[in-house]
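Data first, discussion second: the structure below is written as structure tokens.
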Amino acid sequence: MSASSVSSNGERMPTLFVPHGAGPCFFMDWNPVHAWDATARFLKGIAASLPEKPKAILMVSAHWLESGFRVTGAAQPGLIYDYNGFPAHTYELRYPAPGHPELATRIVALLAAAGLEASRDDARGYDHGMFIPLKLMFPEAQIPVVQLSLRKDLDP
Numbered sequence: 456m457s458a459s460s461v462s463s464n465g466e467r468m469p470t471l472f473v474p475h476g477a478g479p480c481f482f483m484d485w486n487p488v489h490a491w492d493a494t495a496r497f498l499k500g501i502a503a504s505l506p507e508k509p510k511a512i513l514m515v516s517a518h519w520l521e522s523g524f525r526v527t528g529a530a531q532p533g534l535i536y537d538y539n540g541f542p543a544h545t546y547e548l549r550y551p552a553p554g555h556p557e558l559a560t561r562i563v564a565l566l567a568a569a570g571l572e573a574s575r576d577d578a579r580g581y582d583h584g585m586f587i588p589l590k591l592m593f594p595e596a597q598i599p600v601v602q603l604s605l606r607k608d609l610d611p
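Letter by letter, the sequence shown follows residues 456 to 611 of my numbering.
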């Protein structure tokens, strides 16, 4: 256990599975009207359930597949609107959370030390599997986020 996975009061910070619904579902009208309300409430309640505000977030993305592990390394990643067929305003959503280049480098080093192919990607932005749920969980977008790809040869 690393020091960064433990809160200041000694509690281990949790690992979470975070759903994001259907594309930008929380930011558009649906029929039935309240189709995504329960999921939105769940996401909005996550911050209050944590021992403290995270110093940074490592998000593994099912929307990013590579031959080896890749880690976002930019100081201010942009957004990737990797959905289509939704209302125009959903392609204007913003989530300006900073990246964390030092953490990205550390993650790459830890993966490499474990014998896993890994590299930093300073050009990749955040995909909707990250920015849609985090807009509800931490709307102020002040917590640095590093996104980690899955391997495309993953065999669940």
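Built from N, CA and C at the ideal position, the CB exists for glycine as well.
Contact check, residue i vs residue j, beta carbons under 8 Å
{"i": "A517", "j": "L605", "result": "yes"}
{"i": "Y556", "j": "A596", "result": "Correcting the residue identity first, residue 556 is Pro in this sequence and not Tyr. Cβ atoms of P556 and A596: not closer than 8 Å."}
{"i": "A559", "j": "L589", "result": "no"}
{"i": "P479", "j": "F541", "result": "yes"}
{"i": "P506", "j": "E466", "result": "yes"}
{"i": "G500", "j": "G533", "result": "no"}
Residue-level contact to chain B via CB, residue i, 8 Å cutoff
{"i": "L566", "result": "The structure shown contains no chain B; it holds only a single protein chain."}
7 Å Cβ shell around residue i - same chain, five flanking residues per side excluded
{"i": "F481", "result": "W491, A495, I587, L591"}
{"i": "A458", "result": "Per-residue confidence for A458 stands at a pLDDT of 43, beneath the threshold of 50, marking its modelled position as unreliable; no derived number is given."}
{"i": "G584", "result": "H475, S516, A517, H518"}
{"i": "L571", "result": "F524"}
Cutoff 6 Å; reference residue i; Cβ partners in own chain excluding five residues on either side
{"i": "R549", "result": "none"}
{"i": "Y538", "result": "G478, H583"}
{"i": "Y536", "result": "Y546"}
Residues sharing a beta bridge with residue i, DSSP
{"i": "D576", "result": "T527"}
{"i": "Y581", "result": "L534"}
{"i": "E521", "result": "R606"}
Nonlocal neighbours in the same chain, by C-beta distance under 8 Å from residue i, ignoring five residues either side
{"i": "S574", "result": "G523, F524, R525, V526, V563"}
Limits of the alpha helix (DSSP H) - the one that residue i falls within
{"i": "R561", "result": "556 to 568"}
Checklist line | Sequence ranges, beta strand (DSSP E) only - wholly within the segment 461 to 519, length at least 3 | finding: none
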